[in-house]
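Some notes on the structure that comes next.
4 protein chains.
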Amino acid sequence: MSVRTPDPEPTGDEPFGQSAGSSNPGWLSEVELAEARRRMPMLYVEGVPVRVDGMGQVTEIGILLRATPMGEMTRTIVSGRVRYGETVRDALFRHLENDLGPMAFPLLPPQPSPFTVAEYFPIPGVSAFHDDRQHAVSLAFVVPVSGTCEPRQDALEVTWMTPEEAATDALADEMEGGRGTLIRLALASVGALR
Amino acid sequence: MSVRTPDPEPTGDEPFGQSAGSSNPGWLSEVELAEARRRMPMLYVEGVPVRVDGMGQVTEIGILLRATPMGEMTRTIVSGRVRYGETVRDALFRHLENDLGPMAFPLLPPQPSPFTVAEYFPIPGVSAFHDDRQHAVSLAFVVPVSGTCEPRQDALEVTWMTPEEAATDALADEMEGGRGTLIRLALASVGALR
Amino acid sequence: MSVRTPDPEPTGDEPFGQSAGSSNPGWLSEVELAEARRRMPMLYVEGVPVRVDGMGQVTEIGILLRATPMGEMTRTIVSGRVRYGETVRDALFRHLENDLGPMAFPLLPPQPSPFTVAEYFPIPGVSAFHDDRQHAVSLAFVVPVSGTCEPRQDALEVTWMTPEEAATDALADEMEGGRGTLIRLALASVGALR
Amino acid sequence: MSVRTPDPEPTGDEPFGQSAGSSNPGWLSEVELAEARRRMPMLYVEGVPVRVDGMGQVTEIGILLRATPMGEMTRTIVSGRVRYGETVRDALFRHLENDLGPMAFPLLPPQPSPFTVAEYFPIPGVSAFHDDRQHAVSLAFVVPVSGTCEPRQDALEVTWMTPEEAATDALADEMEGGRGTLIRLALASVGALR
Numbered sequence: 001m002s003v004r005t006p007d008p009e010p011t012g013d014e015p016f017g018q019s020a021g022s023s024n025p026g027w028l029s030e031v032e033l034a035e036a037r038r039r040m041p042m043l044y045v046e047g048v049p050v051r052v053d054g055m056g057q058v059t060e061i062g063i064l065l066r067a068t069p070m071g072e073m074t075r076t077i078v079s080g081r082v083r084y085g086e087t088v089r090d091a092l093f094r095h096l097e098n099d100l101g102p103m104a105f106p107l108l109p110p111q112p113s114p115f116t117v118a119e120y121f122p123i124p125g126v127s128a129f130h131d132d133r134q135h136a137v138s139l140a141f142v143v144p145v146s147g148t149c150e151p152r153q154d155a156l157e158v159t160w161m162t163p164e165e166a167a168t169d170a171l172a173d174e175m176e177g178g179r180g181t182l183i184r185l186a187l188a189s190v191g192a193l194r
Numbered sequence: 001m002s003v004r005t006p007d008p009e010p011t012g013d014e015p016f017g018q019s020a021g022s023s024n025p026g027w028l029s030e031v032e033l034a035e036a037r038r039r040m041p042m043l044y045v046e047g048v049p050v051r052v053d054g055m056g057q058v059t060e061i062g063i064l065l066r067a068t069p070m071g072e073m074t075r076t077i078v079s080g081r082v083r084y085g086e087t088v089r090d091a092l093f094r095h096l097e098n099d100l101g102p103m104a105f106p107l108l109p110p111q112p113s114p115f116t117v118a119e120y121f122p123i124p125g126v127s128a129f130h131d132d133r134q135h136a137v138s139l140a141f142v143v144p145v146s147g148t149c150e151p152r153q154d155a156l157e158v159t160w161m162t163p164e165e166a167a168t169d170a171l172a173d174e175m176e177g178g179r180g181t182l183i184r185l186a187l188a189s190v191g192a193l194r
Numbered sequence: 001m002s003v004r005t006p007d008p009e010p011t012g013d014e015p016f017g018q019s020a021g022s023s024n025p026g027w028l029s030e031v032e033l034a035e036a037r038r039r040m041p042m043l044y045v046e047g048v049p050v051r052v053d054g055m056g057q058v059t060e061i062g063i064l065l066r067a068t069p070m071g072e073m074t075r076t077i078v079s080g081r082v083r084y085g086e087t088v089r090d091a092l093f094r095h096l097e098n099d100l101g102p103m104a105f106p107l108l109p110p111q112p113s114p115f116t117v118a119e120y121f122p123i124p125g126v127s128a129f130h131d132d133r134q135h136a137v138s139l140a141f142v143v144p145v146s147g148t149c150e151p152r153q154d155a156l157e158v159t160w161m162t163p164e165e166a167a168t169d170a171l172a173d174e175m176e177g178g179r180g181t182l183i184r185l186a187l188a189s190v191g192a193l194r
Numbered sequence: 001m002s003v004r005t006p007d008p009e010p011t012g013d014e015p016f017g018q019s020a021g022s023s024n025p026g027w028l029s030e031v032e033l034a035e036a037r038r039r040m041p042m043l044y045v046e047g048v049p050v051r052v053d054g055m056g057q058v059t060e061i062g063i064l065l066r067a068t069p070m071g072e073m074t075r076t077i078v079s080g081r082v083r084y085g086e087t088v089r090d091a092l093f094r095h096l097e098n099d100l101g102p103m104a105f106p107l108l109p110p111q112p113s114p115f116t117v118a119e120y121f122p123i124p125g126v127s128a129f130h131d132d133r134q135h136a137v138s139l140a141f142v143v144p145v146s147g148t149c150e151p152r153q154d155a156l157e158v159t160w161m162t163p164e165e166a167a168t169d170a171l172a173d174e175m176e177g178g179r180g181t182l183i184r185l186a187l188a189s190v191g192a193l194r
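Protein chains in written order, with the UniProt record's numbering: chain A, 1 to 194; chain B, 1 to 194; chain C, 1 to 194; chain D, 1 to 194.
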C-alpha cells in the first residue's frame with residue numbers, strides 16, 4: 001500500500017493565490033515539487049478536529065474517511081503543505097476549510113506551538129511516522145470545530161468518535177502513516193487519553 | 001498597599017453549591033479559611049481573557065479594573081480559588097462568569113496544562129508573584145471570550161488593550177502582586193509579545 | 001484496596017525545615033492535616049523519572065515499587081505534597097530525593113508548566129484519577145535522572161521499563177489511582193507513546 | 001543591513017553526511033538551495049543555550065556574537081537548517097555543536113514540541129521575524145548546556161547574560177531578524193521573564 005501525506009492541490013501550487021503558469025518565482029510545477037520532495041524536508045500542518053462541550057472539554061474526535069488514488073479507503077486527519085509565503089496559521093485554516101468545508105467554523109488555537117511535531121520519513125522505522133513519498137515535518141494542532149462539516153475534495157466523510165474509540169488499535173490500523181499515534185498524542189494533550 | 005489575590009466569595013466557601021451554615025464537612029468558615037491560608041498553599045486558577053480574530057490570533061487582552069476594600073483602584077485579571085471537590089476547569093469557568101458576567105461566553109482551552117504556574121508568596125522576592133495574605137499557587141490560562149463582558153461583583157470594568165499596550169511597564173505598575181509579569185507570560189504563550 | 005496518594009512525611013509536616021512540635025503557625029499536626037484534606041484541594045507534585053540518550057530522547061521510564069501500609073505491593077511514581085512556603089520546584093526536588101535517593105541527580109525541567117494537571121478526587125469517576133483520602137491536584141513533570149537510584153523510605157525499588165512496557169494495560173492495572181494514565185500522558189508529552 | 005538566518009554549511013549541504021559532489025539525489029548545490037529558498041518554506045531549528053542551577057532554574061542565557069560576511073557584528077542564537085532525512089533533534093544537536101563546540105554538552109529537551117514556532121518572512125512586518133533571504137519556519141528550543149562553549153565557525157564568542165540583561169531593548173536592537181523577541185519568548189517559557 002502506498003502511504004502518503006495528502007496534499008490536495010489540484011490546480012498547482014500557487015503561493016499568494018496566483019494562477020498556475022504565471023511567472024511568479026514562487027510557483028512550483030508538479031515536476032519541481034516532486035524534485036523538491038526528494039531533496040528537502042517539506043513543512044506540513046495537521047489538524048485534529050474535535051468537538052468540545054461548554055466547559056472546553058473534548059467530547060469527540062473527527063476522523064476523515066478518504067479514498068486513495070487506487071480506490072482504497074483510509075482514515076486520516078486534516079493535513080497539508082505550508083506554501084511559500086504563507087503563515088502556518090493560514091495554511092492550517094486553508095486545509096481545514098478544504099477538508100471540512102466552509103461551514104465547519106474551526107476555532108484555531110491562539111498558541112503557535114503545536115501539541116507535537118510529527119516527522120514523516122520515507123524509510124519506515126526512523127520515527128513513528130512514515131510517508132513513502134517524502135520527508136515531511138508536520139506541526140500538529142487540536143482544533144475545536146463549532147459548525148457543520150461537509151468534506152470537500154477527496155475526503156468522503158467525517159466520522160465523529162469518542163476519545164475511547166479514537167484511541168483503539170482498530171482505528172490506528174486503518175490510519176495511514178502512523179497517524180493512529182498522532183491521534184493518541186492529540187488525545188493526551190487534551191487530557192482525554194486513558 | 002495591601003496586595004491580595006482576589007477571592008470574592010461573599011456568601012462563604014460552599015463547595016458543591018451548598019449554602020453557608022450547612023453541616024457539610026467541606027465548608028470552611030471565614031475563620032477556618034484564614035487559618036488554612038497561613039498553613040497550606042492555596043490552589044488558584046487565573047484567566048487572561050482575550051479577543052481573537054477569525055484565524056485564532058489574539059488581538060486584544062481584557063484587563064479588569066477593581067476597587068480594593070480600601071477604595072484603591074487596581075488592574076487585575078480573572079482569579080480565584082479552587083474549591084474542595086471542584087475541577088480546575090469548573091473553577092476557572094465559575095470565576096470567569098463571576099468576573100465577566102454570564103454573557104461573556106468564554107471558550108476554555110481543551111488542554112489541562114496552564115501556560116504557566118504562578119507562585120504567590122507572602123514574602124516578596126521569593127518569586128515574581130506576591131500575595132501578602134497567603135501562599136497561593138495559580139494555574140494560569142489564556143481564555144478567548146466571544147461574548148459581551150459585564151463585570152459583576154467588585155470588578156468595575158473590563159478594559160480591552162492591544163498586546164503592545166498590555167505589555168507596557170505602565171500597565172505592570174498598576175497591577176497587583178506581579179500580574180504584569182503574568183500578562184507578559186500570557187502574551188508570550190500566544191506569540192503576541194514582541 | 002485503599003488507593004492513596006503517597007505522602008511520606010513521617011516526622012510531620014514542617015515547612016521551612018523546622019522540627020515537629022515547634023510553634024510555627026505553618027505547622028500542621030496529623031489531625032489538622034487530616035482535617036484539611038477533607039475541606040480543601042491539596043497541591044501535589046508528581047515526577048516521572050526517565051533515562052534519556054545523548055540526544056535527549058527518552059529510552060526508559062522509572063516506575064517505583066511500593067508496599068502499602070497493608071503490605072500490598074503497588075507500582076507508582078514520585079509523588080508528594082507541596083508544603084506551605086515551598087516552591088513547586090523545591091517540592092519536586094525534595095520528593096525525587098526522598099524516593100530515588102541522593103545519588104539520582106535529577107535534571108528538573110527549566111519550564112514551570114507541567115505536562116499535565118492530574119486531578120485526584122475521593123469519588124471515582126469524576127476524572128481519570130482517584131484518591132480515596134483527599135481531593136489532590138497534581139502538577140506532573142517528566143524528569144530525566146542521570147545518576148543511580150536507591151529508593152528510600154517506603155519505595156522498595158525502581159524498575160526501568162521501555163516506553164512500550166510502560167504503556168501496557170498490564171502495568172496500568174498495577175498502578176494506583178489512575179497513574180497508568182499519567183504514565184501514558186507523560187510518554188505522549190515526550191513523543192514516546194505509539 | 002542584510003538580515004539573514006545563519007546557515008553555515010561551508011562544505012555544501014550533504015544529507016546523511018555524504019560529501020559534496022556525490023550523485024546523492026538529496027544533495028542540493030548552492031544554486032539549487034538558492035532556488036529552493038525562493039519557492040518553499042525552509043525548515044529551521046533554533047536553540048537558546050542556557051545555564052541552569054541545581055534545581056533546573058535558568059540563571060543565564062548564552063548569546064552568540066557573530067560577524068556577518070560584510071564584517072558587521074551581530075548578536076544571535078544557535079540556528080540552522082534541517083536537512084533532508086535528518087530528524088529535528090539531530091539537526092538541533094548538529095547546529096549546537098557547530099556553534100558552541102564539541103565540549104558544550106547540550107542537554108536536549110525530551111519533548112518534541114518547541115517553545116514557539118518562529119516564522120521568518122522575506123517581507124518585514126508579516127510576523128515578528130524577518131529574513132530577507134527566504135521564508136523560514138523555525139522550531140525554537142531552550143537548551144541547557146553543562147559544558148564549556150568554544151564557538152566554532154563564524155560565531156566569535158558566547159556571552160552569558162542574566163535573564164534581565166537578555167530581555168532588554170538594548171540587546172534586542174543588536175539581534176538580527178527579530179531574535180530579541182525570540183529570546184523573550186524563550187525566557188517566558190522558562191518563567192524567567194519579568
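For glycine and all other residues, C-beta sits at the position ideal for the given N, C-alpha and C.
Computed from a prediction, not measured in an experiment: that's the story for all the values here.
Practice problem: Can you have a look at R179 of chain C and say buried or exposed, based on whether 16 or more other CB atoms are within 10 angstroms of its CB? | Solution: buried
Quiz item: Would you say I61 of chain B and V52 of chain B are within 7 Å of each other, going by their C-beta atoms?
Solution: No, these two residues do not count as a Cβ contact at 7 Å.
Quiz item: Counting Cβ pairs closer than 8 Å, one from the region 62 to 70 of chain B and one from the region 119 to 135 of chain B, do we hit at least three?
Solution: no
Practice problem: Can you check DSSP and say which residues form a bridge with V190 of chain A? | Solution: Bridge partners of V190 of chain A: none, in fact.
Exercise. Whole angstroms is fine: what's the gap from D99 of chain D's alpha carbon to E86 of chain A's?
Key: 30 Å
Quiz item: To the nearest angstrom, how far is it from the Cα of M70 of chain B to the Cα of D132 of chain B?
Solution: 15 Å
Quiz prompt | Distance CB(H135 of chain B)-CB(Y84 of chain C) smaller than 7 Å | solution = yes
Quiz item: Is the Cβ of F93 of chain B closer than 7 Å to any Cβ of chain A?
Solution: yes
Practice problem: Determine the DSSP secondary structure at T11 of chain A, reduced to helix, strand or coil. | Solution: Low confidence applies here, because T11 of chain A scores a pLDDT of 38, under 50, leaving its location unreliable and the question unanswered by this model.
Quiz item: How close, in whole Å, do the beta carbons of M55 of chain A and R89 of chain B come, if the pair is a contact with beta carbons under 8 Å?
Solution: 5 Å
Quiz item: Taking C-beta to C-beta, are S113 of chain B and T116 of chain C nearer than 7 Å?
Solution: yes
Quiz prompt | Residue of A:V48, A:I183, A:E35, A:E176 minimising C-alpha distance to T168 of chain A | solution = Minimum Cα distance to T168 of chain A is reached at A:I183.
Exercise. Using a Cβ-Cβ cut-off of 7 Å, state whether R51 of chain C counts as contacting chain D.
Key: no
Exercise. Please confirm whether G47 of chain B and V143 of chain B have their CB atoms less than 7 Å apart.
Key: yes
Exercise. Under 8 Å by Cβ, that's how I've got G110 of chain D and V58 of chain C pegged, so tell me the actual separation to the nearest angstrom.
Key: In the sequence as presented, Gly is not what sits at residue 110 of chain D; that position holds Pro. Confirmed, about 5 Å.
Practice problem: Using a cut-off of 8 Å between C-beta atoms, extract the partners of D90 of chain D located in chain C. | Solution: Within chain C, the residues near D90 of chain D are M55.
Practice problem: Taking A36 of chain B as part of the beta strand (DSSP E), name the residues at either end of that continuous run. | Solution: Taken as a continuous stretch (DSSP letters only), A36 of chain B belongs to no beta strand (DSSP E), being part of the alpha helix (DSSP H) at 30 to 37.
Exercise. Can you tell me which of A:A140, A:L185, A:A192 puts its alpha carbon nearest to the alpha carbon of P163 of chain A?
Key: A:A192
Practice problem: Have a look at A188 of chain C and V45 of chain B and give me their C-alpha separation to the nearest angstrom. | Solution: 25 Å
Quiz item: Assuming V145 of chain A contacts A170 of chain A under a Cβ cut-off of 8 Å, what Cβ separation, rounded to an integer in Å, is found between them?
Solution: Cβ-Cβ separation between V145 of chain A and A170 of chain A: approximately 24 Å, too far for a contact (criterion under 8 Å).
Exercise. Please name the residue in B:E174, B:E119, B:A34 whose C-alpha comes closest to that of T68 of chain B.
Key: B:E174
Quiz item: From G177 of chain A to E72 of chain A, what distance separates their C-alpha atoms?
Solution: About 14 Å.
Self-check item: Per-residue contacts from L108 of chain B into chain A (C-beta, under 9 Å)
Solution: Those are V52, G54, M55, G56, Q57, listed as they occur along chain A.
Quiz prompt | Neighbour flag for S189 of chain A against chain B, beta carbons, 7 Å | solution = yes
Practice problem: Determine the chain A residues that contact P114 of chain B at a beta-carbon separation under 7 Å, and present them in chain order. | Solution: Within 7 Å Cβ-Cβ: nothing; P114 of chain B doesn't reach chain A, min ~12 Å.
Exercise. May I ask you to report which of helix, strand or coil DSSP gives R83 of chain D?
Key: It is coil, neither helix nor strand.
Quiz item: Going along chain D in order, which residues have a C-beta closer than 8 Å to the C-beta of P163 of chain C?
Solution: Going along chain D, no residue has its Cβ under 8 Å from P163 of chain C, so there is no contact; the nearest lies around 11 Å.
Quiz item: What does a CB cutoff of less than 8 Å around L107 of chain D pick up in its chain, not counting 5 residues either side in sequence?
Solution: V143, P144, V145, S146
Practice problem: Could you tell me the distance, in whole angstroms, from the CA atom of M161 of chain A to the CA atom of I77 of chain A? | Solution: 13 Å
Quiz item: How many Å lie between E157 of chain B and G101 of chain A at the Cα?
Solution: 39 Å
Practice problem: Identify whether L156 of chain C lies in helix, strand or coil by the three-state DSSP scheme. | Solution: strand
Practice problem: Check whether the Cβ atoms of A166 of chain A and S138 of chain A sit closer than 7 Å, and answer yes or no. | Solution: no
Quiz item: Looking only at its own chain, which residues have a Cβ that is under 7 Å from the Cβ of S22 of chain A, when we skip the five neighbours before and after it?
Solution: Annotation note: pLDDT 38 at S22 of chain A (below 50); position unreliable, no value reported.
Quiz item: Taking Cβ positions only, does G177 of chain B come closer than 7 Å to chain C?
Solution: For G177 of chain B, no CB of chain C lies under 7 Å from its own CB, so it is not counted at the interface with that chain.
Self-check item: Residues sharing a beta bridge with P49 of chain A, DSSP
Solution: Answer is A:V143.
Quiz item: With which residues is R75 of chain A paired in a DSSP beta bridge?
Solution: A:L65, A:M175
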